[in-house]
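What follows is a short report on a single structure.
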Amino acid sequence: MIAAENDLIPGGKVGGIGDVIRGLPPALVGEGAEVSVIVPSYGAFHERPRTRALRAFAMPFGGTLERIELHELTELSTAGVRQYVLHHPAFAIGGKGVVYCDDPPERPFARDATKFALFCAAALTAVRDGDLGELDVLHLHD
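Adding 2 to a residue's 1-based position in the sequence shown gives its number in our numbering.
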């Protein structure tokens, strides 16, 4: 599951999608699935206790190579559900731990659009490279 929010992570919920990402994975495990959840770090989640850095990779974005870090939140991972965050400074463009930016009316959602485009590209790079294991279904949120 690739999402912008995850209520399992303190500070990772703004709206209803955070509730879905907290509750749906365990329900799917109850049906026999294994689930990986990946969200942006927002400059903070990769620093949580018992977080394990898995790898860093470079990927093209906006005409440059961007360095992305993949971390597993081992304190929140459970049997059947692994919790991941991707870290890049742009994911904290609205401030450390801030999920959505508050842009001026003449440029609504401008910073979020760029931030989430980079996040989606990075998440799909991690999927393509097998960092989340072999996937049967890719579930995209928000």
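A virtual CB, placed ideally from N, CA and C, is assigned to each residue, including glycine.
Separation of residue j from residue i, as counted between CA atoms
i, j, result
"Phe-47", "Gly-99", "7 Å"
"Gly-135", "Asn-8", "20 Å"
"Met-61", "Asp-131", "12 Å"
"Ala-5", "Leu-140", "11 Å"
"Glu-108", "Phe-118", "19 Å"
"Asp-105", "Gly-34", "42 Å"
"Gly-25", "Leu-67", "35 Å"
"Pro-12", "Arg-52", "14 Å"
Contact check, residue i vs residue j, beta carbons under 8 Å
i, j, result
"Tyr-86", "Val-39", "yes"
"Ser-43", "Leu-88", "yes"
"Ile-23", "Met-3", "yes"
"Leu-148", "Ala-81", "Any answer about residue 148 is impossible in this case: the structure gives the chain only from 3 up to 144."
"Ala-124", "His-90", "yes"
"Val-37", "Leu-30", "yes"
"Gly-45", "Ala-115", "no"
Host beta strand (DSSP E) of residue i (start-end)
i, result
"Leu-72", "66 to 75"
"Pro-62", "53 to 63"
"Arg-84", "83 to 89"
Cβ shell of residue i (< 6 Å), same chain only, five flanking positions each side left out
i, result
"Arg-54", "Glu-74 and Thr-76"
"Gly-96", "Cys-103"
"Asp-133", "Leu-72"
"Arg-84", "Ser-38"
Close-in-space but distant-in-sequence residues of the same chain around residue i (CB under 7 Å, 5 per side omitted)
i, result
"Phe-63", "Leu-120 and Ala-123"
"Leu-137", "Val-129"
Enclosing alpha helix (DSSP H) for residue i [first to last residue]
i, result
"Ile-95", "Here Ile-95 belongs to no alpha helix (DSSP H), and DSSP marks it neither H nor E."
"Thr-127", "112 to 130"
"Leu-134", "Counting along the chain, Leu-134 falls outside any alpha helix (DSSP H), and DSSP gives it neither H nor E."
Supposed close pair residue i, residue j - CB separation, criterion 8 Å
i, j, result
"Ala-2", "Arg-69", "Given that the chain is displayed from residue 3 to residue 144, the structure contains no residue 2 and the question cannot be resolved."
Residues near residue i in its chain [Cβ-Cβ closer than 8 Å; skip 5 each side]
i, result
"Asp-21", "Asp-9 and Lys-15"
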